[in-house]
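Have a look at the structure below before the remarks.
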Amino acid sequence: MTLSLLEQSLLAGLVVGIIAALVALGFTLVLGILGIVNFAHGNQLMIAMYLALYGSQALGLNPFASSLIITPVMFVLGLGIYAVMMRWLIDKPHSTHVAGTIGLMLLLENVVNLVVGGTPKTVDAGFSSASIAIHDTYLPVSRVLAAGLAAVAVLALYLFLRRTDLGLATRACADNFQGARVTGLRINRVFAVSFALSVAAAGLAGAALSSHQTMTPFVGHAYLSTAFAVVILAGAGNILGTIVSGIFVGLVQALTQTLFDASIGTAVLFVLIMVTLLVRPQGLFAR
C-alpha cells in the first residue's frame with residue numbers, strides 16, 4: 203500500500219467513524235438508560251434519509267440545510283414513539299423488548315416501502331461531484347460536511363450529558379436506576395428525553411448520510427449492525443467509549459477494505475467483536 207493510499211484510507215475511515223459514533227450514541231442511550239435494545243434504530247435513520255429526500259425534491263433544500271428541520275422533527279417523533287410504545291416496554295422482559303422493537307422496525311420499513319417503493323434513490327446535494335484536497339488526498343465535499351455535522355452533534359450530545367442538569371440526571375439513571383428513583387428524579391421525563399435524543403441523533407445522521415448514500419427502505423439494517431458493533435466494543439451506556447469505538451470501527455473498515463475487500467472488512471470487524479466478547483464481554487471501556 204502506498205503512503206497516499208494509506209492516507210486516503212485513514213481519512214475515509216475517520217469520516218465513516220465519526221458518523222458511526224453518532225449513530226451508535228443514539229443506540230447506546232436507549233440501551234444504557236432504558237435497558238432496551240432498539241432494533242428499530244437503523245430504520246429511524248432511514249426515515250430521516252427519506253425526509254431529506256423530500257426536502258430536496260419539494261423544498262429545494264440540500265441535506266445539510268434540511269437537517270436543521272429534520273432533527274427537531276425526529277425528536278418529536280421520538281417523544282411520540284416513547285409515549286405510545288416504549289414506556290410500556292421498560293419493565294417488561296427482554297423478550298418483549300425484542301418483539302416490540304423488531305415489530306416497530308418492520309412497521310417503519312414496510313410503510314416506507316409501501317409509500318415510496320423499493321427503488322434506490324439519491325439526494326442531489328448540489329455539490330455531489332465537488333471534492334476537497336487534504337494534503338495529497340481528495341475527499342468528496344458531501345462526506346466531509348457530513349462528518350463535520352456529525353462531529354458537532356457528537357460534541358453537543360457529550361456536553362449535554364456532562365454539563366447540564368438533565369444530562370446528569372440521565373447519567374444517574376444509567377448508573378443506578380433505583381438510586382435515582384429514590385432521590386426523586388422524574389424518571390419518566392428522563393427516559394422520554396433520552397429516547398427522543400436517540401431518535402434525533404439517528405435523524406441527524408440520516409440527513410447527513412443522505413448527501414452521499416443511496417437509500418432504500420431497508421438501508422437501516424446496515425447501520426443497526428454498525429451501532430451494535432460499536433456498542434459491543436465500547437460497553438453499553440459508555441458515551442466517551444462509544445465515540446472512540448465508532449472512530450475505531452470506521453478506521454478498521456476503511457483499512458481492511460482497502461487492503462483486501464469490502465466483505466473482508468466487515469468480517470474482520472465482527473471477528474474483533476467476537477474476540478471482545480470472549481476476552482472482555484462488558485466492553486473495552488466499561489467501568
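The sequence shown begins at 203 in the numbering used here and counts up one residue at a time. Every residue, glycine too, gets a C-beta built ideally from N, C-alpha and C. Only a predicted model underlies this, so the values are computations on that prediction, with no experimental measurement involved.
When secondary structure is reduced to three states using DSSP, P274 falls in the helix class.
A223 is the residue among V446, S413, A223 and T366 whose C-alpha sits nearest the C-alpha of A404. Two segments are said to touch when three or more pairs of C-beta atoms, one from each, lie closer than 8 Å; by this definition the segment 416-434 touches the segment 210-228.
For R391, the enclosing alpha helix (DSSP H) has its first and last residue at I389 to L411. Among the bridge pairs identified by DSSP, K323 is matched with M417.
L341 sits in a strand when the DSSP states are folded into three classes. The beta carbons of S447 and L435 sit about 4 Å from each other, so the pair counts as a contact at 8 Å. A358 counts as exposed, since fewer than 16 other C-beta atoms from the protein chains shown sit within 10 angstroms of its C-beta. In this structure, DSSP gives A242 a state outside helix and strand, which the three-state scheme calls coil. With at least 16 other beta carbons inside 10 angstroms of its own, N264 counts as buried.
Judged by DSSP secondary structure, D377 falls within the alpha helix (DSSP H) whose first and last residues are D367 to D377. Shown here, G282 sits in a helix according to DSSP, grouped into three states. L310 sits close to N245, with the two beta carbons spaced by under 7 Å. In the displayed model, G439 falls within coil according to three-state DSSP, outside both helix and strand. By the criterion of a C-beta distance shorter than 6 Å, V421 is surrounded in its chain by M248, once the five residues flanking it on both sides are discounted. The three-state reading of DSSP puts P483 in coil, since its state is none of H, G, I, E or B.
Remark: three or more beta-carbon pairs, one from each stretch, lie closer than 8 Å, so the segment 344-358 and the segment 392-408 are flagged as touching. Taking the CA atoms as reference points, T273 sits about 31 Å from I475. S258 and M276 have their C-alpha atoms spaced approximately 17 Å apart.
With distances taken between CA atoms, A250 lies nearest to V325 out of G237, V325, I304 and V454. L480 and S269 have their C-alpha atoms spaced approximately 39 Å apart.
The distance from the Cβ of S396 to that of V286 is about 16 Å, inconsistent with a contact at the 8 Å cut-off. By the CB criterion at 7 Å, F487 and N440 fall inside the cutoff. Only residues of its own chain outside the window of five on either side were considered, and among them T418 and P419 have a CB closer than 7 Å to the CB of G320, listed in chain order. Distance from the CA atom of K323 to the CA atom of R391, rounded to whole angstroms, is 37 Å.
Of the candidates G234, A260, G443 and I304, the residue whose Cα lies closest to the Cα of V356 is G443. Closest in C-alpha terms to I271, from the list L253, G280 and A371, comes L253. The shortest C-alpha to C-alpha distance from I389 to any of L399, A402 and A374 is the one to A374.
In terms of Cβ geometry, F266 and L341 do not form a close pair [threshold 7 Å].
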